[in-house]
Amino acid sequence: MKRRRILYIFCLLIVLGVNIFYVEYQIFIMLVLMLVIPACSWFVYFISALGMGISMQIKNNVVLKGSKVHLMLIKKNKYNLAFVNGQIHVKYKYYHTGDEFSYTVDIKSGLGKSAGVIDIPVDYCGYIYLWVESIDMCDYLGLFHKRKKYTGLSKVYIVPEYAQADIIQTDGGYSEDMDDAVLYLKSAGDEVSELREYREGDSPRYIHWKKSSILAEDDFIIKEYDNNIYKTVFLVVDTLETGKDKRLSVMSRIYQDAYSQGIAYLEQGIICEYVGWDNSAGNIVRYNFYDNETCMKALMGIMNLKCSVSAAYKACQKLYDLDGIELSSEPIIITYKENE
1 MKRRRILYIF CLLIVLGVNI FYVEYQIFIM LVLMLVIPAC SWFVYFISAL
51 GMGISMQIKN NVVLKGSKVH LMLIKKNKYN LAFVNGQIHV KYKYYHTGDE
101 FSYTVDIKSG LGKSAGVIDI PVDYCGYIYL WVESIDMCDY LGLFHKRKKY
151 TGLSKVYIVP EYAQADIIQT DGGYSEDMDD AVLYLKSAGD EVSELREYRE
201 GDSPRYIHWK KSSILAEDDF IIKEYDNNIY KTVFLVVDTL ETGKDKRLSV
251 MSRIYQDAYS QGIAYLEQGI ICEYVGWDNS AGNIVRYNFY DNETCMKALM
301 GIMNLKCSVS AAYKACQKLY DLDGIELSSE PIIITYKENE
């Protein structure tokens, strides 16, 4: 841009000098044209740049992983950006990991309403927000330039496809050691039907620790279960922090596993809750679901959580401490194993 202006001024001075020393009709016409053409270019540029407003429209705010986000950029009016060259810079960011990407599209000139169309491929699950960072535009001669910044945001959820999965049974429990994280799944268990005194041979996992804390040192209260009572499962979704090069793929895998396991439990007629750790609030969030649609909405709620250290462990500890919740079995921890 700067070089073009310098070159234009240099050529204009030469033609002006020739007109001074050689008064010729043809040379005078050349001088007039060198003044009028840039002036016309500036006028059209000024009209096109007036306001320079666009709106961003997204065809679908919920898309499947592996597909594309169809983004349309609409002009404020038909004359806006109609007769200029330039580019529109669009960025999008995964909220939970902070990974940021950018796209650039050429301005579509003419009197149509569209300023540009972008199809953004999305290969990872999560919640993203998109925005127009700036517009760079110039006239056709490349002598005048303008940039405008924007701040508006649009949300899109990238969700996993349905995948058939079996409920995995294991005797493992949650490990506090996050370096040895693994997908821990325990059977749902049944609701507590009554409490009784401890008997020799009772498993420690059935001890009601809160009520036992007021008894003598060697006395315990045991929880009895009724198999006929409806069952509820807590699925703790680990929003763990990992290396920058793989954190998107790790969380995408976790979201996929959480959705698959949620659907698998629903098919068994079991009510479920997703539990996640909100690090900014220092508390858990809970989303119950009872069919495929509410399961997806609950997972989208979990996608609004930022990744943090030991998120699953903190969520489990908070879950144990909540009054009014009687855990019939260990929560199901859905996390990531390094060698998977």
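Just so you know, the sequence shown maps onto residues 1 to 340 in UniProt numbering. From the three backbone atoms N, C-alpha and C, an ideal C-beta is built for every residue, glycine too. Given the structure is predicted, the values throughout are model-derived calculations rather than measurements.
- Query: Under a three-way DSSP split, which group does F10 fall into?
  - Reply: Here residue 10 is taken as the residue at index 10 of the sequence shown, counted from 1. In the structure shown, F10 sits in a helix (DSSP, three-state: H, G or I).
- Query: Just the Cα atoms here: how many angstroms apart are S213 and D219?
  - Reply: For this step, residue 213 is matched to residue 213 along the sequence shown. For this step, residue 219 is matched to residue 219 along the sequence shown. When rounded, the distance between both Cα atoms is 9 Å.
- Those residues which DSSP pairs with N288 across a bridge: Along the sequence shown, read from residue 1 onward, the residue named residue 288 stands at position 288. Beta-bridge pairing links N288 to E273.
- Task: Classify M296 as helix, strand or coil using the three-state DSSP reduction.
- Result: Sequence index remark: in the sequence shown, residue 296 carries index 296 (1-based). Helix at M296.
- Message: Can you tell me where the alpha helix (DSSP H) holding residue 342 begins and where it ends?
- Response: Residue 342 lies beyond the residue range present for the chain, which begins at 1 and ends at 340; the question has no answer from this structure.
- In the DSSP assignment, find the beta strand (DSSP E) that holds V62 and state where it starts and stops. As a first step, residue 62 is located in the sequence shown; it is residue number 62 there, counting from the start. Run containing V62: 62-64, per the beta strand (DSSP E) assignment.
- With distances taken from CA atoms, which of Q87, Y274, Y95 is nearest S308? Counting from 1 along the sequence shown, the entry for residue 308 is found at position 308. Residue Y95 is the option with its Cα nearest to S308.
- Around the C-beta of G66, are 16 or more other C-beta atoms found within 10 angstroms, so that it is buried, or is it exposed? Numbered from its first residue, the sequence shown carries residue 66 at position 66. The residue in question, G66, is exposed, as its Cβ has fewer than 16 Cβ neighbours within 10 Å.
- Residues of its chain near I221, where Cβ-Cβ distance is below 6 Å and the 5 sequence neighbours each way are ignored: As a working mapping, residue 221 is identified with position 221 in the sequence shown. Excluding its 5 nearest sequence neighbours in each direction, I221 has C-beta neighbours in its own chain below 6 Å: L195, H208, K211, S212, listed in chain order.
- Message: Considering just the uninterrupted stretch of the beta strand (DSSP E) at K146, what are its terminal residues?
- Response: Translated into positions along the sequence shown, residue 146 becomes position 146. 145-149 is the extent of the beta strand (DSSP E) around K146.
- Message: Pull the bridge partners of R3 from the DSSP assignment, please.
- Response: Working through the sequence shown from its first residue, we reach residue 3 at position 3. Assignment of beta-bridge partners to R3 by DSSP yields no partner.
- Query: Across which residues does DSSP place Q57 in a beta bridge pair?
  - Reply: If you number the sequence shown from 1, residue 57 lands on position 57. Residue pairing by DSSP places Q57 opposite M72 in a beta bridge.
- Within the same chain, show all residues whose beta-carbon is closer than 6 Å to that of residue 384, passing over the 5 residues directly before and after it, in chain order. The displayed coordinates of the chain run from 1 to 340. Any statement about residue 384 would go beyond what the structure contains.
- Message: Since T335 and I254 should fall inside the 8 Å C-beta cutoff, what is the C-beta to C-beta distance between them, to a whole number of angstroms?
- Response: As a position in the sequence shown, residue 335 is number 335, starting the count at 1. As a position in the sequence shown, residue 254 is number 254, starting the count at 1. Yes, T335 and I254 are in contact; Cβ-Cβ is about 7 Å, under 8 Å.
- Message: Less than 7 Å between the C-beta atoms of T239 and A311, yes or no?
- Response: Taking the sequence shown and counting its residues from 1, the one referred to as residue 239 is at position 239. Taking the sequence shown and counting its residues from 1, the one referred to as residue 311 is at position 311. Taking 7 Å as the Cβ cut-off, T239 and A311 qualify as a contacting pair.
- Item | Beta-carbon contacts of E176 that lie in its chain and below 7 Å, excluding the five residues immediately before and after | For the purposes of this step, residue 176 is identified with residue 176 of the sequence shown, where counting begins at 1. Only weak support is given to the placement of E176: the predicted model assigns it a pLDDT of 36, under 50, and the value that follows is read from those uncertain coordinates. So the list reads Y313, once near-sequence residues are dropped.
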